[in-house]
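Enquirer: Per the UniProt record's numbering, the sequence shown runs over residues 1 to 182. C-beta atoms are modelled at their ideal positions from N, C-alpha and C, and glycine is treated no differently.
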Amino acid sequence: AMAKKQAKARTCVPRHLARLVGVLLDLKPPRAQSLLGLLKLLMKETAHVVKSNRASAKSLQKAWSTSGRKRPSANGVINEAIKALKGLISARARPQPGPAYVLETDARDAGWGASIYRLSPTGRRGREIHAAALRWTPEERQLHITAREALAASYGTAFLVPRLPEVGSLTLHSNSTPTVWA
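1. For ARG148, count the other beta carbons within 10 Å of its own beta carbon; 16 or more makes it buried, fewer makes it exposed. Which is it?
2. Any idea what DSSP makes of GLU128, helix, strand or coil?
3. Is GLY113 helix, strand or coil by DSSP?
4. For ALA100, collect the residues of the same chain with a Cβ closer than 6 Å to its Cβ; drop the 5 residues on either side in sequence, then sort them by chain order.
5. To which residues does DSSP link ARG135 through a beta bridge?
6. CA-CA distance, ALA158 and GLY111?
7. Run through DSSP, which three-state label would residue 199 get?
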């Protein structure tokens, strides 16, 4: 059980932080600077914890809360990051121009399926535009159903979204809560 926790911490945490840093690099300064500083600090501490083989959730949480700094200075960085995030949320919450689509995905033991449809201006479901379904490979069939649900969302996006002429927004509908929150 401990080996699974360590492997998960080694693969998941740095990958998610790296993805978040990539998003933040696209932002304009000065808001991004405090966020990037915080994330670099978190990535450094995560790398240290994982390297020293203490990759339990508790040790990561402890490393992130102290971050190798004295508490008042760490709290200052965190407060700056929270202020920058609040400004960022209002900027990102604006609706994007272009048509709105919904991607529905599902995974079963035999394979996966996905369909995409356009929302009407009133928010009602329109007709189905594209659909795709395939069987799992023997390796994929061995995965847990939660991982297969995530793969179905990934494959559905890869197969169907490039076929759309223009995308304003895309909403994922899945019966897997971890997939939607990821």
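Expert: Taking the geometry as given:
1. buried
2. strand
3. strand
4. LEU119, GLY168, SER169
5. GLY111
6. 16 Å
7. The structure shown does not extend to residue 199, since the chain spans only 1 to 182, so no value can be given for it.
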